[in-house]
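Engineer:
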Amino acid sequence: MGDKKNNTARLREIKRFNNKKYREHTKLSRRKNIEPSQYLTEMKSPDSILEIENLCTYFYTDVGTVKAVDGVTFNVPKGKTVGVVGESGCGKSVMSLSVMRLLQEPQGQIASGEIRFRQSSENRAVNIPNLPLKEMQKIRGNEISMIFQEPMTTLNPVFSIGAQLDESILLHNKGISKKDAAKRSIEMLELVGIARAEGIYKGYPHELSGGMRQRVVIAMALSCNPEIIIADEPTTALDVTIQAQILDLLRDLKNKINASIILITHDLGVVAEMADFVVVMYAGRIVEQGTASDIFHNPQHPYTVGLMKSRPTSHGQQEKLYSIPGSVPNPTDLPDFCYFKNRCEFCMDICGQKYPPLYKLSNTHKAACYLCKDEKSKFEGGVFSE
Amino acid sequence: MNENIITVENLKKYFPIKSGILQKTIGNVKAVDDVSFSIRKAQTFGLVGESGCGKTTIGRTILRLTEPTDGKCIIDGKDIFALKKSQLRPLRTKMQIVFQDPYSSLDPRMPVGEIIGEAVREHNLVSKSDYRDYIVNIMQSCELRPYHIDRYPHEFSGGQRQRICIARALAVNPDLIVLDEPVSALDVSIQAQIINLLKELQAKRGLTFLFISHDLSVVEYISEVVAVMYLGSIVEMASKKELFKHTMHPYSKALLSAVPVPNPDIKMDRVILQGDIPSPANPPQGCKFHTRCPDCMEMCKTKIPEYKDYGSGHYCACHLYNK
């Protein structure tokens, strides 16, 4: 009985805490006349277009606070592709939703951190979490656009493809006529390789296959010439042959319009093909980041190594697949020490102490593991030379 | 050891398209169109193809979960398509299936022990006194803990649920298990755990697998014989080594080259297929693949290529090798 009582008290405590957080958030979001000085900021690096610094996104749920993203820092350089890899539940999608300010509020909130974005149309840099809604709407879909995972559910089944494409063009280009918008939509459909674009323009989503729908979604994302495209698992729902088509298209388009891409995926193969920089996430934190060749040829964090080894490869025959034992820790109750400790085969005494900081291995390469403390490579030559 | 555990001959499964007030049949979706293959004991037969090519339908039809339109499926010397429902019942313990989505294939209202043991009790495989021990034993062989027996599916993660599904299939001591995309819904690190478990169980119990998947790297890892399907027919079938080394059919080549390689330095010359898979309700004339084939010739558009053996059990249906 005592246990039950304690539990009820604990749940009530959580509820009270959450309500406080919700109220604070509502108050903040209802502010009026926000001074520009509150959201204007300076970029730290001249080449980057988006800088995420110490981003923390928390969900205040009935069973406790879920730290979905907890202190993530990385830059997106202009015209480059950054791949974010991790298993389901590691916070990669929440990270991208935070950038778009599409979190389910007030349960999900950006608790702290900065997302600096270079808004070249206004020639300024803004801090996205502090932006008023009106300003955010100018950026969302226009300067930063998003491709979602499921082309089957992203499109609205009751509107024609054309109407959905026109919508964002009409919204973001003041004074454009409907005719011009339609012309631009058809151009976009042609750009993403849809034959008989005019027929598709009048059609409805259910008439298209998965691959074609994903092309329409990409056309929609590109229609306002965005500076950043966030692609959240753009090919997961597609077949391999269609995936190859879509990846080829994305690569091609990136060069054409010179946009940056944040590619979120769990498929290491896709990342290797597309990304210039790679960020590996685990349980809401970055465990390793670097250039694609850093990560694939010289992975340092045991989790990254495990991920790569657990993929069956076509080269060479392994007798038994490597598998990471155990599973991801419970997100409401994360320990103070390294989250990977209980699954790690290189676990040392020090791992039971504080969460390891990101150790710098080279100018581009960082890993959050005590193994990298003394700069000696533990996995020399990477996994593929074995 | 060379006996075939299952032989499928000219299997056809058509789904009628009905229309109008009278629901008259106006056509057929040829989900599986004239497929023959056989699987040897303790072997893994991999079936690869894009979504909608009929691979799942094959898996379900040979277990008679859907009724076939035509053909034969011989298990244990009996044509199971000709059997009555009552005659089929005892045979059900010989063949089991593991479904793709472990979230929807477990009854949320049943505890795990009940899920695994339902069929065991139905077929009276063990005595009442041994029942619980038997279930615990099966669970342990799938790396589940004995105290999981009274829990409900929602308390488990995706990987564990898939283990429950495998345990359910194993519980009746089957010879053949149809694995319908068992790892597609799982994360990479969990995928590896499940694949290892399957391999281990196969070695221990001499199981035969029909492994259905769209992921070529997984199929290459686990199978001994691989068949590639396109629009309801097998276009190429060979032993794994042969198929991946000397790929013959242009579709298999395209499939192979479409798999992304986790190495940023390898820039592959990709064969990127144009267009989408045609509708199986109205497949193209001649070779079904000719609309997307990079090596399409005149005769491909009119004549259906013969599916034949090109030596050492390497079957292929393509005009390129038939000049």
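Chains as they are written, first to last, in my numbering: chain A, 43 to 428; chain B, -13 to 309. In this text, a Cβ means the ideal position worked out from N, Cα and C, and glycines have one as well. Since the model is a prediction, treat every value here as computed from it, not as a measurement.
Suppose the cutoff is 7 Å on Cβ atoms and the five residues either side in sequence are ignored; what does the same chain contact list for B/Q29 look like?
Structural biologist: Excluding residues within five positions, the ones whose Cβ falls inside 7 Å are T194, E210 and V211.
Engineer: Chain B partners of A/Q285, CB-CB under 8 Å?
Structural biologist: Ordered by position in chain B, the residues that pass the 8 Å Cβ test against A/Q285 are A244 and P246.
Engineer: Nearest by alpha-carbon distance to A/L264: which of A/T115, A/L413, A/I337 and A/D208 is it?
Structural biologist: Minimum Cα distance to A/L264 is reached at A/D208.
Engineer: Would B/P248 pass as a contact of A/G128 if the rule is Cβ separation under 8 Å?
Structural biologist: Not closer than 8 Å, so no.
Engineer: What residue range is occupied by the uninterrupted beta strand (DSSP E) comprising B/T11?
Structural biologist: K10 to R26 is the extent of the beta strand (DSSP E) around B/T11.
Engineer: Could you tell me how far apart the beta carbons of A/I157 and A/I94 are, in whole angstroms, since I believe they sit closer than 8 Å?
Structural biologist: At roughly 5 Å, the Cβ-Cβ gap stays under 8 Å, so A/I157 and A/I94 are in contact.
Engineer: Looking only at its own chain, which residues have a Cβ that is under 7 Å from the Cβ of B/T(-7), when we skip the five neighbours before and after it?
Structural biologist: Answer for B/T(-7): S24 and I60, listed in chain order.
Engineer: Is A/I211 near the ligand NAP - that is, is its Cβ less than 7 Å away from at least one heavy atom of it?
Structural biologist: The ligand content of the structure shown is nil, which means the ligand NAP is not present either.
Engineer: Using the Cβ count rule (16 or more neighbours within 10 Å means buried), how would you classify A/Q395?
Structural biologist: The residue is exposed, with fewer than 16 neighbouring Cβ atoms inside 10 Å.
Engineer: Out of curiosity, what's the CA-to-CA distance linking A/G348 and A/R72?
Structural biologist: About 46 Å.
Engineer: Using a beta-carbon distance below 8 Å, is B/N182 in contact with chain A?
Structural biologist: Yes, contact with chain A.
Engineer: Which runs of the alpha helix (DSSP H) at least 4 residues long sit entirely within the stretch 170 to 256 of chain A? Give them in chain order.
Structural biologist: If we require 4 residues or more, the alpha helix (DSSP H) runs fully inside the stretch 170 to 256 of chain A come out as 175 to 181, 193 to 196, 203 to 214, 220 to 233 and 239 to 244.
Engineer: Counting contacts by CB-CB distance shorter than 8 Å, is A/I366 in contact with chain B?
Structural biologist: Yes, A/I366 lies at the interface with chain B (some Cβ there is under 8 Å from its Cβ).
Engineer: Does DSSP put A/L63 in a helix, a strand or coil?
Structural biologist: It is worth fixing the name first, because residue 63 of chain A is Lys in this sequence and not Leu. Three-state DSSP puts A/K63 in a helix.
Engineer: List, from N- to C-terminal side, the alpha helix (DSSP H) runs of 4 residues or more that fit wholly inside the stretch 212 to 262 of chain B.
Structural biologist: You should have 226 to 231 and 236 to 244.
Engineer: Work out the CA separation of B/D119 and A/K46 for me, nearest whole Å.
Structural biologist: Approximately 32 Å, taken between the alpha carbons.
Engineer: For A/S138, name the three-state secondary structure that DSSP assigns.
Structural biologist: Correct three-state label for A/S138: helix.
Engineer: Of the residues A/L92, A/E315 and A/K351, which one's Cα is nearest the Cα of A/I272?
Structural biologist: Nearest option by C-alpha distance: A/L92.
Engineer: List, in chain order, every chain A residue whose beta-carbon is nearer than 8 Å to that of B/A153.
Structural biologist: Result: empty, since nearest Cβ-Cβ is about 18 Å, beyond 8 Å.
Engineer: Mind checking who A/T123 pairs with in its DSSP beta bridge?
Structural biologist: A/T123 is bridged to A/I303.
Engineer: Between the Cα of A/G326 and the Cα atoms of A/K57, A/I260, A/K221 and A/S135, which residue gives the shortest distance?
Structural biologist: Nearest option by C-alpha distance: A/S135.
Engineer: Could you check whether the Cβ of A/D375 sits closer than 8 Å to any Cβ belonging to chain B?
Structural biologist: No, no contact with chain B.
Engineer: Report yes or no: is there a C-beta of chain A within less than 8 Å of the C-beta of B/P250?
Structural biologist: True, the Cβ-Cβ gap to chain A drops below 8 Å.
Engineer: Where does B/M81 sit, in a helix, a strand or coil, going by DSSP?
Structural biologist: Here B/M81 sits in strand by DSSP.
Engineer: Please report how far the alpha carbon of B/K294 lies from the alpha carbon of B/D62, in whole angstroms.
Structural biologist: Answer to the nearest angstrom: the Cα atoms are 26 Å apart.
Engineer: So for B/D295, helix, strand or coil by DSSP?
Structural biologist: B/D295: strand per DSSP, three-state reduction.
Engineer: From what residue to what residue does the beta strand (DSSP E) around A/L92 run?
Structural biologist: Unbroken beta strand (DSSP E) run through A/L92: S90 to T103.
Engineer: Listing by chain order, which chain A residues have their CB less than 8 Å from the CB of B/L259?
Structural biologist: Result: T283, A286 and Q287.
Engineer: In or out: B/R154 buried (at least 16 other Cβ within 10 Å) or exposed?
Structural biologist: Counting Cβ neighbours within 10 Å, B/R154 comes out buried, since at least 16 surround it.
Engineer: Can you tell me the Cα-Cα spacing of A/N300 and A/R293, whole angstroms?
Structural biologist: In a straight line, the C-alpha of A/N300 is about 10 Å away from that of A/R293.
Engineer: What are the boundary residues of the alpha helix (DSSP H) that B/P270 is part of?
Structural biologist: Careful: B/P270 lies outside any alpha helix (DSSP H) and carries neither H nor E.
Engineer: Tell me whether B/Q9 is buried or exposed, calling it buried when 16 or more other Cβ atoms sit within 10 Å of its Cβ.
Structural biologist: Exposed.
Engineer: Identify the continuous alpha helix (DSSP H) that holds B/L156 and give its terminal residues.
Structural biologist: It spans G144 to L156 - the alpha helix (DSSP H) in which B/L156 sits, taken as one unbroken run.
Engineer: Rounded to the nearest angstrom, what separates A/T278 and B/Q73 at their Cα positions?
Structural biologist: Computed Cα separation, rounded: 43 Å.
Engineer: Hey, how far is the Cα of B/P269 from the Cα of B/V21?
Structural biologist: Roughly 16 Å between the two C-alpha positions.
Engineer: Determine the chain B residues that contact A/G155 at a beta-carbon separation under 9 Å, and present them in chain order.
Structural biologist: Those within 9 Å of A/G155 in chain B number zero; the least Cβ separation is about 26 Å.
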